């Protein structure tokens, strides 16, 4: 990507954000499997489709898929939306409780309150990316014994210095365009910003930055993390993303910063149409479409 950005006239600041982890090293997932097999859980909450599949893949490195499927089917399964449901369907399972859209942690707790009694129950929560502290705390306040089960194929890089520097550059307004080529990058950027105590300033910085997303899955993850992709190419290839952002990036940055100056939360917009004032007048009409 660095060469592509330079070729199109940009000044790259590339920050590695991921390190591949062998599935067999996901010790938390394997410990969860052992607990599930021995009857130590009453309820399993599945938060993501990719996390559910990865969990099954990790456990399959040591145990048969049939054994895991049978054990999972013996407990109460709570699925956060259609993607975990699809992953369960591939395993021949159905959730006992389905959390409706928009599938936030508040929706999970509200659904559980209406359909289950969890006081004293042993609950495992499948996580993929950043741990949802509000959800875990909410379950514990209801009397549940909660075990988070982090699942990942990708870990943070061993040297976080380049990523920390990039986060600070965005937070300090030194970056015009930010490109994301995977959902896990989004999770890791927010995770490291949180670790550094910079999450709020980073989010403020993103309101002045044109965000490019490689494709629909990454765009959805950005939205789930409270950010908006300002551009997504029709063809999910890195070259297309860089080329099109080189063409339209300047206009997107100007549009986004002008919108922010007019009080628009550009981390949550979907589309902004701007009617520019005549030359010499420093005003613009902004209409927002949140659909």
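Residue numbers (our numbering): 1 to 291. Glycine included, each C-beta is placed from N, C-alpha and C at the ideal position. None of these values were measured; they are calculated from a predicted model.
* Asked: How would you label residue 133, buried or exposed, when you count the other beta carbons within 10 angstroms and need 16 or more for buried?
  -> Looking at its Cβ environment, which holds fewer than 16 other Cβ atoms inside 10 Å, residue 133 is exposed.
* To the nearest whole angstrom, what separates the beta carbons of residue 186 and residue 218, a pair I think is in contact under 8 angstroms? -> Indeed they touch by this definition, with Cβ atoms about 7 angstroms apart.
* For the putative contact between residue 268 and residue 226, defined by C-beta atoms under 8 angstroms, what is the C-beta separation to the nearest angstrom? -> Residue 268 to residue 226, Cβ: 7 angstroms. Contact.
* Work out the CA separation of residue 2 and residue 12 for me, nearest whole Å. => About 6 angstroms.
* To do: Taking only heavy atoms of the ligand COA into account, decide whether any of them is closer than 6 angstroms to the Cβ of residue 119.
  => The model on display carries no ligand, and the ligand COA is accordingly not part of it.
* Asked: Does the stretch 147-164 come close enough to the stretch 48-67 that 3 or more CB-CB pairs lie under 8 angstroms?
  -> The stretch 48-67 and the stretch 147-164 touch, with no fewer than 3 CB-CB distances between them shorter than 8 angstroms.
* Short Cβ contact (7 angstroms threshold) for residue 232 with residue 248 -> No Cβ-Cβ contact shorter than 7 angstroms links residue 232 with residue 248.
* Hey, out of 244, 108, 103 and 79, whose CA is closest to residue 95's CA? -> Checking every option, the nearest Cα to that of residue 95 belongs to 79.
* Asked: When you compare only the Cα positions, how much space is there between residue 37 and residue 180?
  -> For the pair residue 37 and residue 180, the Cα-to-Cα distance works out to about 38 angstroms.
* In chain order, each alpha helix (DSSP H) run of at least 4 residues that lies wholly inside the stretch 85-142 -> Counting whole runs of 4 or more residues, the stretch 85-142 contains the alpha helix (DSSP H) stretches 105-115 and 133-141.
* Asked: Are the stretch 85-95 and the stretch 112-131 in contact at 8 angstroms, needing three or more beta carbon pairs?
  -> Taking a cut-off of 8 angstroms on C-beta distances, the stretch 85-95 does not touch the stretch 112-131, as fewer than three cross pairs fall below it.
* Integer Cβ distance of residue 31 from residue 59, believed to fall under 8 angstroms -> Between residue 59 and residue 31 the Cβ distance is about 10 angstroms, and since that is not below 8 angstroms, they are no contact.
* To do: Only counting runs of 4 or more residues, tell me where the alpha helix (DSSP H) segments fall wholly within the stretch 195-270, in order along the chain.
  => Secondary structure in the stretch 195-270: the alpha helix (DSSP H) runs of 4 residues or longer, each lying completely within the stretch, are 199-206, 216-224 and 238-261 in chain order.
* Identify every run of the alpha helix (DSSP H) within the stretch 158-189, keeping only runs that are complete inside it and at least 4 residues long; order them along the chain. => Annotation: the stretch 158-189 contains the following complete segments of the alpha helix (DSSP H) (minimum length 4 residues), in chain order: 161-171.
* To do: Tell me, to the nearest whole angstrom, how far the beta carbon of residue 15 is from that of residue 165; I am working on the premise that it is less than 8 angstroms.
  => Confirmed, Cβ separation roughly 7 angstroms.
* Could you have a look at residue 156 and say whether DSSP puts it in helix, strand or coil? => Note: residue 156 maps to coil in three-state DSSP.
* Asked: alpha helix (DSSP H) containing residue 23: first to last residue?
  -> Taken as a continuous stretch (DSSP letters only), residue 23 belongs to no alpha helix (DSSP H), as it is neither H nor E.
* Could you pull the start and end residues of the beta strand (DSSP E) that residue 79 belongs to? => Its beta strand (DSSP E) spans residues 76-80.
* Among 221, 223, 241 and 205, which one has its Cα closest to the Cα of residue 256? -> Of the listed residues, the one whose Cα sits closest to residue 256 is 205.
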